[in-house]
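Protein chains in written order, with my numbering: chain A, 9 to 337; chain B, 3 to 284.
Glycine residues also receive a C-beta, built at the ideal position from the N, C-alpha and C atoms.
Just below is one structure, and these are the notes that go with it.
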Amino acid sequence: MAKYIISRFIFVVITFFAVLVLNLFILRMMPGDIIQTRIQELVLNYGYSYEQAYKIVESQLGYDINKNIFEQFLSYILNVFRGNLGESIIYRIPVLDVIMNSILWTIYLGLASLIFSFILGIVLGIVAAYNREKLIDNIITLFASLILCIPNFLIGIILLVLFGVYLGIFPLRGAYSIEAPYFSLEFFISVLKHSVLPILSYSLVLIGNWILVFRASAITVISENYILFAKAKGLKNITILFYYILPNAIIPIIPLFFISLGGIIQGAFFVEPIFGYPGIGYFFSKAITLRDYTLIQGILTVITLIILFLNFLADILHKMIDIRVKNID
Amino acid sequence: MGFFKEKKFKYIFKPGNVGLFIFLLFIVMSIIGKLLPINLEPNYSQRFLISLEHPLGTDYAGRDVFLLIVKGSFDVIFIALLTGFWATLIGFILGIISGYFGKIIDIIISRVIDIFLTIPTFPIMAILAATLKVNDIISFSLILAIWSWPGLASAIRTQTISLKSREFVIFLKLYNFPIYYVIFKEIFPLILPIILINFINISRNAVIASVGLMVLGLVPLEVTNWGMMINLAIGSTGAIYIPNAWPYLFAPIFFIILFQISLVLISYHLEEVFDPRIKKNN
């Protein structure tokens, strides 16, 4: 087990370094000299002298742009490990602050939609598995397969027009109402109201996914001999469902829970801008349109770290849970 | 004979065939849109109008939405298929090399596959597409493909490793058959199903990614492109607030979903045909 954890950890470190290298090269690959353009902009628009502008850009990037690429890379990596991701070119505050202020919204949306879809998916999945190849199973499976075809941001747009514009039940943009004072009851209600549509647009696709995964998992459990034995003992259907099928069918799909959280955080890049939801995906698309390179790099770094961590957790859990993986080193 | 006829009849209406039929309709539509000259002159007096002449309404410049859809279908469909093609090519070459030659090459390539599988691909696609100022479908599809191949490569790698140790391949090796003969005549036909299914799934994901990037406005292609239509509808033209303009927003969404469904049906069908375990259950 220790050997496995160490090998996974080495993999995480290597991947993280690969992304850091990519991060630095993204800045080099841009057409035109980004850094010089930025210095010119500061000189022309804000009236700084060239030296001052140069100092500002250098402090924003966090490394000396006149040194060679290896030294730049070294100081960039050292900065990242010190938690210094540079300063946002557009907002002119530390990148880490922008990320810290937005990541909680993204995680809130992600966890809420995961839990919501997980519960619904499990209920529908087990109903489908229990009535295998009957009408209700066909309907649920068809629904799941169809909903999986629709990308979540398109579901978001449909929900936005239907519930936001046409019915006017839910607000169109933002994460909370500005009028309500912070941390009052109204504030929390407005937060809930603003998050309903984004959560639904993530969840609907995920529900389809969980239904199919859980149905398959439950079908394998149902065909086991101990279920047959439980039935032969004359146990009630409900008891069999909750004490025999449910726990055994959930266990193998727990690692997937973490991987889907990573998937949601990636999906945030498409969904959050549609709802103007101030999470990390919203700021990322803003940063790309405004060419805020330090913010782009910072968000990519943090997102990669989160996803690597979640995958690492999923791998280890998978190994702890599944007896078949245990023997493979 | 009646038995055969009945079976044939059932076979025609299988979901896979329906998927293939819709897919072919899309291909025909995209070729028509590309080849026929479609009049898309702006006519601002007919902005956001639904009439018998324009059953799907008109856009912000008075152009017919259905004609826009037909005209734009080529880009969406061919970005998807080209991405599938490039990614399959990369995945096939790396997967075969890694699986067939093994040893240090395999270790390096499979590490690279693992890294590409883990890093967040959507943000990187977005950065590349936006900063390289992509505006033609070939380079756009290449950018999407660079991040879509690892799943296929890893599947081909494992298949090749298991095929490599089978008797017929060992036999051919013993008799010094050239490598390309072994790979293309013996291994390729056996991994073809995996390649086909992955090709379709990669293309399907490419539709999502390409449309998503365009909806965010990161890849400025022509206004007829479906993703651009959605982007303009939810953004600068304010079409989501005008009920008459909703067909302009929902038509591209509907066609994207239909295209997705057709690809999913085809890939389910292929899985069923090629996987003997699923076949037995039915």
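Where does the unbroken alpha helix (DSSP H) through Ala183 of chain A begin, and where does it stop?
-> Segment: none, Ala183 of chain A is in no alpha helix (DSSP H) and carries neither H nor E.
For the alpha helix (DSSP H) holding Tyr234 of chain A, just list the boundary residues, first then last.
-> Asn233 to Ala240
Start and end residues, alpha helix (DSSP H) containing Lys290 of chain B | No answer is possible for residue 290 of chain B: the residues shown for chain B start at 3 and end at 284.
At a CB-CB cut-off below 7 Å, which residues of chain A make contact with Pro222 of chain B?
-> By Cβ distance, chain A contributes nothing, its closest Cβ being about 11 Å from Pro222 of chain B, past 7 Å.
Cβ neighbour criterion (16 or more within 10 Å) applied to Ala322 of chain A = buried
What residues of chain A sit near Trp228 of chain B, judged by a beta carbon separation below 9 Å?
-> None at all; the shortest Cβ gap to chain A is about 10 Å.
May I have the straight-line CA-CA distance separating Leu26 of chain B from Ser198 of chain A, to the nearest angstrom?
-> 47 Å
Can you find a C-beta in chain A that's less than 8 Å from the C-beta of Phe28 of chain B?
-> no
Given that Ala132 of chain B touches chain A, what residues does it touch there, using C-beta distances under 7 Å?
-> Ile296
Ile33 of chain B versus Phe76 of chain B: straight-line alpha-carbon distance, rounded | 7 Å
Can you tell which of A:Leu325, A:Ile215, A:Leu316 and A:Lys327 has the C-alpha that lies nearest to the C-alpha of Val20 of chain A?
-> A:Leu316
Quick one: what's got a C-beta closer than 6 Å to Gly35 of chain B's C-beta in the same chain, skipping five residues either side?
-> Val72, Lys73, Ser75 and Phe76
Give the straight-line distance between the Cα atoms of Thr312 of chain A and Ile272 of chain A, rounded to the nearest whole angstrom.
-> 13 Å
Tyr252 of chain A versus A:Phe89, A:Thr228 and A:Leu264, residue with shortest Cα-Cα distance = A:Thr228
Sort A:Ile304, A:Tyr290, A:Ile324 and A:Ala295 by Cα distance to Leu112 of chain A and report the nearest one.
-> A:Tyr290
Is DSSP giving Pro102 of chain A helix, strand or coil here?
-> strand
Answer with yes or no whether the minimum CB distance from Phe5 of chain B to chain A is below 8 Å.
-> Only weak support is given to the placement of Phe5 of chain B: the predicted model assigns it a pLDDT of 47, under 50, and the value that follows is read from those uncertain coordinates. No, Phe5 of chain B lies away from the interface with chain A (no Cβ there is under 8 Å from its Cβ).
For Asp66 of chain B, which residues does DSSP report across the bridge?
-> B:Thr60
In terms of residue numbering, what span does the alpha helix (DSSP H) encompassing Asp145 of chain A cover?
-> Leu143 to Ile155
State the Cα-Cα distance for the pair Phe5 of chain B and Thr149 of chain A, rounded to the nearest angstrom.
-> Any answer about Phe5 of chain B is weak, because its pLDDT of 47 lies below 50 and its placement is not dependable; what the coordinates show is given next. Taking the straight line from one Cα to the other gives about 30 Å.
Thinking C-beta only, is Ala89 of chain B closer than 8 Å to Ile204 of chain B?
-> yes
Expressed to the nearest angstrom, what Euclidean distance is found between the alpha-carbon atoms of Gln161 of chain B and Arg223 of chain A?
-> 27 Å
So with Cβ pairs under 8 Å, would you call Ala322 of chain A a contact of chain B?
-> no
Taking only the alpha-carbon atoms, compute the straight-line gap between Asn217 of chain A and Trp151 of chain B and give it to the nearest angstrom.
-> 22 Å
Cβ-based burial, Tyr102 of chain B [other Cβ within 10 Å; buried from 16] | buried
Beta-carbon separation (whole angstroms), Ile158 of chain A vs Val213 of chain A, contact threshold 8 Å = 7 Å
Residues of the segment 53 to 82 of chain B with a CB closer than 9 Å to any CB of chain A: list them in chain order, please.
-> none
Kindly provide the ranges of any beta strand (DSSP E) runs that are 3 or more residues long and lie completely inside the segment 20 to 98 of chain A, ordered along the chain.
-> none
Would you mind telling me which residues of chain A sit closer than 9 Å to Val217 of chain B, beta carbon to beta carbon, in chain order?
-> Phe161, Leu162, Ile165, Phe278, Pro281 and Ile282
Alpha carbon of Arg206 of chain B to alpha carbon of Ile259 of chain B, nearest angstrom | 10 Å
Proximal residues of chain B, C-beta to C-beta of Ser209 of chain A below 7 Å | What Ser209 of chain A touches in chain B: nothing, since even the nearest Cβ is about 13 Å away.
With a cut-off of 8 Å, does the C-beta of Asp337 of chain A fall near any C-beta of chain B?
-> Reliability of the predicted coordinates at Asp337 of chain A is poor, the pLDDT of 45 falling under 50, and no value is obtained from them.
If you draw a straight line from the C-alpha of Glu43 of chain B to the C-alpha of Arg65 of chain B, how long is it?
-> 7 Å
Could you tell me which chain A residues have their CB closer than 7 Å to the CB of Gly214 of chain B, listed as they occur along the chain?
-> Pro159, Phe161 and Phe278
Residues that Asn319 of chain A contacts on chain B, provided the C-beta gap is smaller than 8 Å = Thr120
Roughly how many angstroms separate the alpha carbons of Lys282 of chain B and Glu232 of chain A, rounded to a whole number?
-> Per-residue confidence for Lys282 of chain B stands at a pLDDT of 47, beneath the threshold of 50, marking its modelled position as unreliable; no derived number is given.
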